[in-house]
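Heads up, the thing below is written out as structure tokens.
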Amino acid sequence: MIDEEAAFAGRDKCAVVGIGSTAFSRDSGRSVLSLATEASLAALADAGLSPSDVDGVVRCEQDTVTPYSLAAALGVTDLSFWADTGPGGVAPCMMMGLAMGAILSGQAKTVLAFRSLNGRSEARLGAGVPGMGGERVGGFGRYDEYYLPYGLITAGQTFALMAQRHMIEYGTTQEQLGAVALACRDAANATPHAQMHDKPLSMEQYLGSRMISSPLRLFDFCLESDGACAVVITSAERARDLPKHPVLIRAVAGGAPPDRRVGMMFPVVTRQDMTDLGGRRAGQTLWKRAGVGPADMDCAQIYDCFTISVILQLEAYGFCAKGEGGPFAASGAIRYGGRLPINTAGGHLSEGYVHGMNHIVEAVRQLRGEGVRQVPDAELALCTGGPLPIGSSVVFRRA
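Count the sequence shown with our numbering and you get residues 100 to 498, in order.
Encoded structure:
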């Protein structure tokens with residue numbers, strides 16, 4: 100435990116009481132609303148609740164399904180609160196914060212949080228974003244003109260620059276990146292619903308895979324997935340009367356370095372240290388709010404859009420020193436049975452890519468004792484999101 104520097108009024112006051120997800124696939128053949136509805140109904144059934152119990156809905160701002168359209172599809176009769184949180188990977192952890200705020204302020208009693216996308220069959224986010232003429236453009240907003248002419252368009256290219264810088268400054272190796280990919284694939288092979296289930300990956304296969312954006316290879320990239328996940332949040336007091344063992348939201352925090360410039364993530368090349376993440380500041384705040392520290396975590400669901408993002412976040416959240424993320428990963432510490440099992444269902448690299456919402460679902464499974472690859476006696480779990488200039492995080496605790 101660490102010294103508590105400031106009281107956090109929301110600590111353990113709210114709980115996740117239901118989780119649900121669809122299958123993850125490359126082509127769902129369905130609308131994103133249909134996927135969101137399936138995941139939400141599953142989460143409500145898991146919680147022992149019905150749509151009429153829901154009075155709040157929160158989502159990622161990139162979701163094409165609006166809170167009120169999902170509420171209508173579900174048959175929610177009294178929607179009194181809805182909100183969007185930031186884009187991409189920061190969203191799921193911050194949804195927990197939005198839900199807490201709504202519940203503790205009396206704006207809602209039961210909040211549904213969801214993320215739904217056809218990330219392979221429709222919007223392939225890894226290819227950039229569609230411009231007005233149908234061409235693929237970058238994510239720099241008004242600063243596109245300074246990046247696009249030089250070919251810096253996609254998230255993969257941005258993370259490749261970060262990986263290259265980390266290699267130059269700290270000696271990080273391809274094998275250390277590969278250790279992250281293998282740890283996630285090993286977890287997925289034990290998880291029947293994972294996209295990469297029953298598809299083993301060796302270091303030889305990893306090193307032999309094609310280079311996409313040097314130094315990142317095929318298996319350094321997350322999956323493209325169609326799917327949806329949803330969770331139900333309510334007060335800890337009400338959670339005691341529901342059928343599933345509640346998982347308490349211990350604390351939520353976001354963070355951003357002061358030199359992040361504009362935009363969510365892409366202009367890393369303008370920053371003083373492109374390997375310094377918002378997660379470092381998020382972690383500092385999170386541990387104070389939670390009253391626990393990195394050494395107290397029984398498992399971690401770390402946002403793994405790319406293998407390098409895991410290495411950078413291991414450092415940012417204090418599991419190892421700056422520059423030591425590669426050796427930490429390669430030591431076996433992040434594998435099942437290691438010091439810090441990560442992404443215990445396979446993560447974005449091997450389970451499915453739903454912008455981190457599947458990490459929330461898996462953290463809850465672990466703390467309920469329902470994980471397919473269950474971490475023994477798990478009491479505390481970390482989830483992270485948005486591993487670039489802005490970051491988000493949440494600590495969950497078994498009640």
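From the three backbone atoms N, C-alpha and C, an ideal C-beta is built for every residue, glycine too.
Asked, Found
"What residues in its chain sit with their C-beta under 8 Å from that of T136, if we drop five residues either side in the sequence?", "L169, A172 and L173"
"Quick one, are the C-beta atoms of V460 and V330 less than 8 Å apart?", "yes"
"Quick check on DSSP: helix, strand or coil for C192?", "helix"
"How far does the alpha helix (DSSP H) with R497 in it extend, from its first residue to its last?", "Segment G490 to R497 is the beta strand (DSSP E) holding R497; no alpha helix (DSSP H) there."
"Using the beta-carbon count (16 or more within 10 Å), is E323 buried or exposed?", "buried"
"How should S301 be labelled, buried or exposed, when 16 other C-beta atoms within 10 angstroms of its C-beta is the threshold for buried?", "exposed"
"Can at least three beta-carbon pairs, one atom from the segment 283-295 and one from the segment 411-427, be found at a separation below 8 Å?", "no"
"Going by C-alpha to C-alpha distance, which of K298, R214 and D340 sits closest to E160?", "R214"
"Which full runs of the alpha helix (DSSP H) of 4+ residues lie inside the segment 406-471, going along the chain?", "406-415, 424-429, 446-449 and 456-467"
"Is the number of C-beta pairs between the segment 329-346 and the segment 373-389 that are closer than 8 Å three or more?", "no"
"Output yes or no for whether 8 Å exceeds the beta carbon distance between D111 and R496.", "yes"
"Is there contact here, the segment 203-213 with the segment 331-339, by at least three beta-carbon pairs under 8 Å?", "yes"
"Could you tell me the distance, in whole angstroms, from the CA atom of R264 to the CA atom of A280?", "20 Å"
"Taking a contact to mean a Cβ-Cβ separation below 8 Å, would you say A286 touches R438 in this structure?", "no"
"Quick one: is M310 buried, meaning 16 or more other Cβ sit within 10 Å of its Cβ, or exposed?", "exposed"
"Can you grab the Cα-Cα spacing for the pair G196 / M456, in whole Å?", "14 Å"
"Could you tell me the distance, in whole angstroms, from the CA atom of L260 to the CA atom of M266?", "10 Å"
"Taking the straight line between their C-alpha atoms, what separation do you get for G250 and D395?", "43 Å"
"Return yes when the Cβ of L134 is within less than 8 Å of the Cβ of S127, no when it is not.", "yes"
"Should A335 and I433 be called a contact, given that it needs their Cβ atoms to be closer than 8 Å?", "no"
"Can you tell me the Cβ-Cβ gap for Y194 and T184, rounded? I've got them flagged as a contact below 8 Å.", "Correcting the residue type first, residue 194 is Met in the shown sequence and not Tyr. Contact holds; Cβ gap of about 5 Å."
"Please report how far the alpha carbon of G353 lies from the alpha carbon of S313, in whole angstroms.", "30 Å"
"Between L276 and A254, is the Cβ-Cβ spacing less than 8 Å?", "no"
"Y269: buried (16+ other C-beta within 10 angstroms of its C-beta) or exposed?", "buried"
"Measure the beta-carbon distance from G119 to G485 and round it to whole angstroms, keeping in mind my assumption that it falls under 8 Å.", "That belief does not hold up - the Cβ atoms of G119 and G485 are roughly 23 Å apart, past 8 Å."
"Could you give the distance in angstroms between the alpha-carbon of R467 and the alpha-carbon of G307?", "39 Å"
"Give me the Cα-Cα distance between G230 and F258, rounded to the nearest whole angstrom.", "Summary for G230: the model assigns pLDDT 49, below 50, so the residue's position carries little reliability; its value from the coordinates is reported in the next sentence. Cα to Cα, G230 sits roughly 22 Å from F258."
"For F213, does the three-state DSSP call read helix, strand or coil?", "strand"
"Quick check on this structure: which residue in G431, A477 and H454 has the alpha carbon closest to the alpha carbon of E274?", "G431"
"Over what stretch of residues does the beta strand (DSSP E) that includes D183 continue unbroken?", "F180 to T184"
"If you draw a straight line from the alpha carbon of R235 to that of A498, how long is it in whole angstroms?", "For R235, the pLDDT reaches just 46, beneath the cut-off of 50, and the residue's location in the model is therefore unreliable, leaving the point undetermined."
"Identify which residue in R284, D319 and G490 has its Cα closest to the Cα of E450.", "R284"
"In whole angstroms, what separates the C-alpha of I410 from that of Y246?", "25 Å"
"Please classify G307: does DSSP put it in a helix, a strand, or coil?", "helix"
"Which value, in whole angstroms, describes the spacing of the CA atoms of G445 and E469?", "15 Å"
"Enumerated in chain order, which unbroken segments of the alpha helix (DSSP H) with a length of 4 residues or greater are wholly contained in the segment 304-358?", "335-338"
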